[in-house]
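Those letters in the sequence shown? Residues 5 to 176, by the working numbering.
For each residue, glycine too, the CB sits at the ideal point set by N, CA and C.
Structure first, commentary second.
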Amino acid sequence: MPQDRTLSILCTFAGFYRPEDGGYGGAMTYSQTGSVPDMPGLVQPSGEIDISAAPTFDPSVYNATVDITFSLAGDCTLQQGGAVPVAWSPEMSNDPAGQPAMLLMEEDRVTPASTNEVEAGWVPGSNNSQIVVDDKDETKNYYFRPAIVVPALNNYYISCDPPIVNRTGGGK
Numbered sequence: 005m006p007q008d009r010t011l012s013i014l015c016t017f018a019g020f021y022r023p024e025d026g027g028y029g030g031a032m033t034y035s036q037t038g039s040v041p042d043m044p045g046l047v048q049p050s051g052e053i054d055i056s057a058a059p060t061f062d063p064s065v066y067n068a069t070v071d072i073t074f075s076l077a078g079d080c081t082l083q084q085g086g087a088v089p090v091a092w093s094p095e096m097s098n099d100p101a102g103q104p105a106m107l108l109m110e111e112d113r114v115t116p117a118s119t120n121e122v123e124a125g126w127v128p129g130s131n132n133s134q135i136v137v138d139d140k141d142e143t144k145n146y147y148f149r150p151a152i153v154v155p156a157l158n159n160y161y162i163s164c165d166p167p168i169v170n171r172t173g174g175g176k
């Protein structure tokens, strides 16, 4: 039976204090750290993931599903100086009121999406989030807005922009 393909991405967060409003913000950069089978160059530093650019694969070994694992690194610089660690938001839902760690959105990048093509969840036993893209449709782009919390600031919530874009159109 064919197995899922996998893609590993390191999300590096650089948080900072915003004196103009007294809050915190940050920027996220993304880098591909591995894949099975080898699928180089799918991830851009901005967070665009182009699954449709993956090399052709042997369908007797791999299916069209791609399990994407996001690992978090980085920190947040506090108002008074010094840096503290960050973590994924502990929520993993697609409810914007629930402050999700990975909010799945439709093309307008605002409306939460409802789809059977994509699932989000925690990697068991770790602080990594995982998105599973089952590329049945092969025509849609999915947008994910990752979010982190700063535990040292009473789990201050920061939604990261721009969202990750997963392009699946024209699948392999």
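Item	Value
Whole-Å CB distance - Ser75 paired with Gly38, under 8 Å assumed	About 10 Å separates the two Cβ atoms, so there is no contact after all.
Close-in-space but distant-in-sequence residues of the same chain around Asp165 (CB under 8 Å, 5 per side omitted)	Arg149
Inter-stretch contact at 8 Å, needing at least 3 Cβ pairs: the stretch 54-66 / the stretch 28-36	no
Spatial neighbours of Gln83 in its chain, beta-carbon cut-off 6 Å, leaving aside the 5 residues before and after	Tyr21
Ser56 - DSSP class collapsed to helix/strand/coil	helix
Ser75, enclosing beta strand (DSSP E) - first and last residue	66-81
Distance CB(Ile177)-CB(Gly19) smaller than 8 Å	Residue 177 is absent from the model: the chain starts at 5 and stops at 176.
Span of the beta strand (DSSP E), counted from its first residue to its last, around Asn145	145-154
Inter-residue Cα distance where the pair is Val40 and Ala77	22 Å
As assigned by DSSP and simplified to three states, the class of Leu157	helix
Nearest neighbour of Gly30, chosen from Val154, Pro59, Ala68 [CA to CA]	Val154
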